[in-house]
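Q: Sharing a structure below in structure tokens format, with a few things to ask.
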Amino acid sequence: MNINRTAAAFVGLVQELILEKGYVLLNRREHEKAEQLGDKLLGYFDSKGVYFIPDRLFALAVDFMSKHKTNVTDIETDLFVSDMIKIEDDGYKIRYRRQKRIGSTKKRYLSLERKEFDGHRRFAEIINCR
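For the sequence shown, the numbering used here begins at 70 and goes up steadily by one.
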């Protein structure tokens with residue numbers, strides 16, 4: 070697998086937001102705590118993946134996008150080409166944001182494979198990766 074440099078840097082930004090800036094990923098089973106976290110909630114995780122709230126994540130990535138001379142669509146494409154995100158393909162359109170039910174609500178999330186975070190011990194502990 071050939072990981073795009075921008076995609077790898079973006080995953081690094083995500084880890085920094087959670088490990089150093091105080092943003093939170095919540096276990097899907099604990100979705101009822103989401104309201105208490107407010108804007109600090111960056112997404113959810115379960116045994117299959119990590120599901121980021123796209124609008125919140127990309128709002129926090131404005132400086133990153135400016136520095137790397139990129140945009141949301143390019144980042145999503147780079148993540149897909151690098152085989153880092155799960156997609157939906159209905160035969161007519163590829164969606165980089167998959168629908169996921171969390172609690173009683175179904176929304177679209179940027180869904181990254183758990184394996185993308187296995188190499189970072191502190192982050193892996195947050196999402197219980199082994």
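The beta-carbon is built from N, C-alpha and C at its ideal position, and this holds for glycine as well.
Under a Cβ-count criterion, where at least 16 other Cβ atoms within 10 Å of its own Cβ denotes burial, should residue 199 be classed as buried or exposed?
A: As a working note, residue 199 is residue 130 in the sequence shown. At residue 199 the pLDDT is 33, less than 50, meaning the model places this residue with poor confidence and gives no usable figure here.
Q: Just the Cα atoms here: how many angstroms apart are residue 75 and residue 102?
A: Translated into the one-based positions of the sequence shown, residue 75 becomes position 6. Translated into the one-based positions of the sequence shown, residue 102 becomes position 33. Looking at the two C-alpha atoms, the distance is approximately 32 angstroms.
Q: Leaving aside the five residues before and after residue 164 along the sequence, list all residues of the same chain whose C-beta is less than 8 angstroms from its C-beta, in chain order.
A: Here residue 164 refers to the residue found at position 95 of the sequence shown. Cβ neighbours of residue 164 beyond the five flanking positions: 156, 157, 158 and 177.
Q: Considering just the uninterrupted stretch of the alpha helix (DSSP H) at residue 81, what are its terminal residues?
A: Counted from its first residue, the sequence shown places residue 81 at position 12. For residue 81, the enclosing alpha helix (DSSP H) has its first and last residue at 74–88.
Q: Ignoring anything shorter than 3 residues or poking outside the segment 108–167, list the beta strand (DSSP E) runs there in chain order.
A: 110–114 and 118–121
Q: If we count Cβ pairs, one from each stretch, closer than 8 angstroms, do we get three or more for the segment 77–88 versus the segment 127–147?
A: yes
Q: Would you kindly work out how many angstroms separate the C-alpha atoms of residue 123 and residue 160, rounded to a whole number?
A: Residue mapping note: residue 123 aligns to position 54 of the sequence shown, counting from 1. Residue mapping note: residue 160 aligns to position 91 of the sequence shown, counting from 1. Cα to Cα, the separation comes out at about 23 angstroms.
Q: Distance, Cα to Cα, residue 96 vs residue 113?
A: Numbered from its first residue, the sequence shown carries residue 96 at position 27. Numbered from its first residue, the sequence shown carries residue 113 at position 44. Whole-angstrom Cα-Cα distance: 5 angstroms.
Q: Of the residues 110, 142 and 148, which one's Cα is nearest the Cα of residue 91?
A: In the sequence shown, the residue the question calls residue 91 occupies position 22. For residue 91, the nearest C-alpha among the options comes from 110.
Q: Return the chain-ordered list of same chain residues with a C-beta closer than 6 angstroms to the C-beta of residue 168, the five sequence neighbours on each side being excluded.
A: Position 99 of the sequence shown, counted from the first residue, corresponds to residue 168. Answer for residue 168: 175 and 177, listed in chain order.
Q: Once you ignore the five residues that flank residue 82 on each side, which residues in its own chain have a CB closer than 7 angstroms to its CB?
A: Looking up residue 82 in the sequence shown gives position 13. Result list for residue 82: 130 and 133, in chain order.
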